[in-house]
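The block underneath contains the structure these notes are about, expressed in structure tokens.
Residue numbers (my numbering): 2 to 275.
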């Protein structure tokens with residue numbers, strides 16, 4: 002089987018070919034809008050799960066948008082799993098596994114909230130220590146400051162290309178500095194405990210939105226996946242309309258839906274709309 006990198010290059014080169022379009026619910030906190038569209042190459046399909054190598058359809062601002070060129074998504078009827086080995090950590094060199102980031106959410110049919118687990122590599126976590134250990138960052142990162150994200154993408158409703166500029170206030174969290182952060186300014190000497198590598202939380206239903214995925218390679222692997230059950234949604238699909246903040250997608254029909262993907266995430270949709 003081709004490597005993830007090979008698959009990713011294949012999907013980017015195949016955007017001019019006939020494509021398959023599907024959609025799935027994801028947390029919208031990372032993007033601020035559900036108008037973004039992703040392109041994906043199928044890595045594997047088994048039972049009710051499909052794994053894709055994914056990238057934003059057209060994103061020139063990789064650094065500010067947290068580099069997604071090596072992201073992998075696994076979608077299931079009641080779960081999703083996002084992971085990347087190269088979550089951007091500006092100002093520091095990469096290390097094996099140090100910049101890894103993953104987010105997995107399960108949507109139990111008997112629960113009223115989703116259960117999510119986020120995991121971060123030690124180099125990402127060490128970034129929190131620089132607030133106290135580095136005078137260059139200390140005051141700047143303690144106070145809110147503008148942070149701009151630029152997304153350029155092909156609009157799903159109209160012809161042409163549209164750009165979204167999203168300005169955030171950083172830091173967006175007032176979380177206390179971890180107790181394991183020492184006064185050591187040498188990053189390599191800071192030890193991150195294993196207990197800090199992962200944390201669980203239960204996000205609000207309103208923090209999810211439906212995003213469109215265009216599959217451009219690996220479609221031949223899809224027949225081995227099931228449809229994820231017979232549960233149907235209300236028929237609404239993403240249109241590229243601006244996120245209203247309610248978690249509700251648009252209502253225009255998708256161009257094409259692969260049979261193996263038609264019911265994927267239907268249970269998630271019902272859970273979020275309950």
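Note that beta-carbon positions come from the ideal geometry of N, C-alpha and C, so glycine has one too.
For residue i, collect the residues of the same chain with a Cβ closer than 6 angstroms to its Cβ; drop the 5 residues on either side in sequence, then sort them by chain order.
i	result
residue 74	53, 55, 83
residue 121	102
residue 107	80, 116
residue 123	99, 193
residue 109	none
residue 219	42, 43
residue 181	194
If you draw a straight line from the C-alpha of residue i to the C-alpha of residue j, how long is it?
i	j	result
residue 244	residue 20	With a pLDDT of 34 at residue 244, under the threshold of 50, the predicted position of this residue should be treated as unreliable, though the coordinate-derived value follows. Approximately 25 angstroms, taken between the alpha carbons.
residue 45	residue 217	14 angstroms
residue 198	residue 100	11 angstroms
residue 223	residue 22	13 angstroms
residue 221	residue 41	13 angstroms
residue 191	residue 119	21 angstroms
residue 26	residue 208	10 angstroms
residue 43	residue 183	43 angstroms
residue 57	residue 210	16 angstroms
residue 215	residue 188	40 angstroms
residue 241	residue 39	Note that residue 241 has pLDDT 31, beneath the 50 cutoff, so the model's placement of it is unreliable and no number is given.
Between residue i and the rest of its own chain, which residues show a CB-CB distance below 7 angstroms, the 5 nearest in sequence each way excluded?
i	result
residue 204	28, 115, 117
Taking the alpha-carbon of residue i as reference, which of the options has the nearest alpha-carbon?
i	options	result
residue 50	41, 104, 77, 43	77
residue 201	193, 22, 86, 105	105
residue 113	210, 206, 219	206
Leaving out five residues on either side along the sequence, give the residues of the same chain with a beta carbon under 8 angstroms from the beta carbon of residue i.
i	result
residue 179	126, 129, 130, 197
Are the CB atoms of residue i and residue j nearer to each other than 8 angstroms?
i	j	result
residue 24	residue 212	yes
Quiz item: What are the complete beta strand (DSSP E) segments, minimum 3 residues, inside the region 174-218?
Solution: 199-202, 209-218
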